[in-house]
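First up is the structure itself, then whatever we jot down about it.
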Amino acid sequence: MSITAAVVLAAGEGERLRPLTRNRPKPMLPAANRPIIEYVFDALVDAGIEELHVVVGYKRDRVQGHIGSTYRGVPVTYHAQERQLGSAHATLQARDALDEDFLVVNGDQIAQGDLVADVMAAHDAESAVTLAVIESDEASMYGAVETDGERVTRIVERPGGDEYRLLNAGVYACDASLFDAVEYAIEQGDELTLPNIISSHVDSGFEVRAARTSGLWTDATYPWDLLAVGQQLLDRGDIDATEVREGVWCAERVRVHEDAVLRPPVVVSADSEIGANAVVGPHVALGQNVTVGSNATVERSVLDADTRVGAGSTLVDCVTGQGVTLGPGCVAPGGPADVAIGTTVHEDRRLGALVADRATARGGVTFAPGTLVGPNAELDAGTTVSGVIPENGRVMR
Numbered sequence: 001m002s003i004t005a006a007v008v009l010a011a012g013e014g015e016r017l018r019p020l021t022r023n024r025p026k027p028m029l030p031a032a033n034r035p036i037i038e039y040v041f042d043a044l045v046d047a048g049i050e051e052l053h054v055v056v057g058y059k060r061d062r063v064q065g066h067i068g069s070t071y072r073g074v075p076v077t078y079h080a081q082e083r084q085l086g087s088a089h090a091t092l093q094a095r096d097a098l099d100e101d102f103l104v105v106n107g108d109q110i111a112q113g114d115l116v117a118d119v120m121a122a123h124d125a126e127s128a129v130t131l132a133v134i135e136s137d138e139a140s141m142y143g144a145v146e147t148d149g150e151r152v153t154r155i156v157e158r159p160g161g162d163e164y165r166l167l168n169a170g171v172y173a174c175d176a177s178l179f180d181a182v183e184y185a186i187e188q189g190d191e192l193t194l195p196n197i198i199s200s201h202v203d204s205g206f207e208v209r210a211a212r213t214s215g216l217w218t219d220a221t222y223p224w225d226l227l228a229v230g231q232q233l234l235d236r237g238d239i240d241a242t243e244v245r246e247g248v249w250c251a252e253r254v255r256v257h258e259d260a261v262l263r264p265p266v267v268v269s270a271d272s273e274i275g276a277n278a279v280v281g282p283h284v285a286l287g288q289n290v291t292v293g294s295n296a297t298v299e300r301s302v303l304d305a306d307t308r309v310g311a312g313s314t315l316v317d318c319v320t321g322q323g324v325t326l327g328p329g330c331v332a333p334g335g336p337a338d339v340a341i342g343t344t345v346h347e348d349r350r351l352g353a354l355v356a357d358r359a360t361a362r363g364g365v366t367f368a369p370g371t372l373v374g375p376n377a378e379l380d381a382g383t384t385v386s387g388v389i390p391e392n393g394r395v396m397r
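All the letters of the sequence shown, read from the start, carry residue numbers 1 to 397 under the UniProt record's numbering.
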């Protein structure tokens with residue numbers, strides 16, 4: 001069956017990635033040096049999709065302003081979800097624009113084109129829904145799928161335990177019966193997530209098929225996951241820039257001092273500058289217009305656009321938002337830490353520091369492992385910070 005339209009779900013915030021999502025939704029966070037949603041769009045276009053329908057909500061202007069009305073020549077239409085009531089409710093917002101079977105994909109998870117193509121190939125006129133499943137030891141952390149041959153018999157959200165091996169990869173081919181099921185769930189006051197709606201399809205006797213695939217799937221649930229995602233993409237060479245030597249990618253208008261060292265794998269985006277005797281890499285992604293000062297060291301980090309790293313600074317296992325300024329001599333030594341996200345403490349996570357949009361460290365600031373710095377925070381010179389620094393907060397010496 002030919003499928004030409006896809007619904008991309010990009011309305012949610014990504015609360016567990018705060019404070020990075022304070023000013024933009026999760027699909028706009030960096031996977032290596034590009035927004036997550038660009039990888040999603042590439043997968044769909046590579047698989048032959050001719051219409052992109054994007055459901056937006058939280059900070060929708062950040063998605064629409066970045067993507068625009070077309071992507072690689074494919075028209076993009078936006079549909080607003082005014083209240084974030086669930087992924088199935090989000091899909092319903094595009095109903096009037098869809099005449100035939102269609103894809104639904106999560107806009108905040110990376111699924112490569114071969115995974116999408118496998119779902120499209122497995123879907124036929126007898127199937128109400130076909131979903132991508134992959135073998136993964138993380139199935140119990142996300143959504144697990146039970147099958148009988150190609151037929152889905154059960155979907156279990158975050159079941160826990162080790163007995164589940166098939167993960168729901170969040171790529172679905174659907175017919176119009178999905179919308180009727182969502183409308184019925186609204187009437188009944190049921191949970192409006194796609195896994196719940198598709199589970200009801202299974203219970204009602206609809207044909208729900210599993211497309212087993214080995215295509216790349218990865219997700220960033222927490223801030224430290226952005227480091228793992230970036231590392232995975234760098235290791236695979238899935239980087240949109242020119243490879244100037246093995247494992248080193250540089251975009252246009254990059255300035256790297258002749259005495260600087262780039263340790264692969266590393267990507268340096270357009271208009272970025274690396275000073276004398278700086279060491280960048282391995283596993284570093286620099287966004288657009290990033291400056292790494294002389295004698296600075298950056299390892300295993302993702303630095304988003306317009307970040308400034310002062311001379312002699314050391315950053316290990318760090319994630320920065322956009323417009324971050326770290327003065328000279330700042331140190332984030334990296335390593336494992338217990339990180340508080342909301343009311344939950346996650347033990348032994350590799351996160352040197354997360355510094356959100358437009359935060360400023362004046363110089364000589366030391367970041368204890370696991371520090372989270374909110375947007376627009378100011379850290380006075382010579383301070384040592386740890387834990388959570390709130391948005392607009394100031395740490396004085």
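For glycine and all other residues, C-beta sits at the position ideal for the given N, C-alpha and C. Here the structure is a predicted model, which means the values were calculated and not measured.
Item, Value
"How big is the Cα-Cα spacing for Glu82 and Leu233?", "33 Å"
"Could you give the C-beta distance for Gly370 and Gly393, rounded to a whole number, given that I count them as a contact under 8 Å?", "Not a contact, Cβ separation roughly 17 Å."
"Taking only three categories from DSSP, how would you classify Leu354?", "strand"
"Measuring alpha carbon to alpha carbon, tell me which residue in Glu50, Thr291, Pro336 is nearest Val256.", "Thr291"
"Looking only at its chain, what residues have a beta carbon closer than 6 Å to the beta carbon of Leu9, apart from the 5 residues adjacent to it on each side?", "Val55, Ser87, Ala90, Asn106, Gly107"
"Mind pulling the alpha helix (DSSP H) runs of 4 or more residues that sit fully within the region 250-300?", "none"
"With the cut-off set at 8 Å, would you say Ser177 and Ala128 are in Cβ contact?", "yes"
"Can you check DSSP and say which residues form a bridge with Gly143?", "Glu157"
"Let me know if Thr213 comes out buried or exposed under the rule of 16 or more other beta-carbons within 10 Å of its beta-carbon.", "buried"
"Which residue wins for smallest C-alpha separation from Gln288, given the options Gly335, Val267, Arg300?", "Val267"
"I'd like to know if Ala220 contacts chain D, where contact means its C-beta is closer than 8 Å to some C-beta of that chain.", "The structure shown has no chain D; it contains just one protein chain."
"Is Val45 helix, strand or coil by DSSP?", "helix"
"Between the C-alpha atoms of Ala353 and Ala276, what's the straight-line distance to the nearest angstrom?", "24 Å"
"On the DSSP letters alone, give me the boundaries of the alpha helix (DSSP H) that Glu183 sits inside.", "177-188"
"So, is Ala125 buried or exposed, given that buried needs 16 or more other C-beta atoms within 10 angstroms?", "exposed"
"In whole angstroms, what is the alpha-carbon distance linking Asp304 and Asn33?", "7 Å"
"Short check: CB of Val302 to CB of Ala285, under 8 Å?", "yes"
"Give every residue of the same chain whose Cβ lies closer than 8 Å to the Cβ of His123, excluding the five residues on either side of it in the sequence, and list them in chain order.", "Met1, Ile3, Asp101, Thr130, Ala173, Arg209, Ala211"
"What do you reckon, are the CB atoms on Ala111 and Trp217 nearer than 8 Å?", "yes"
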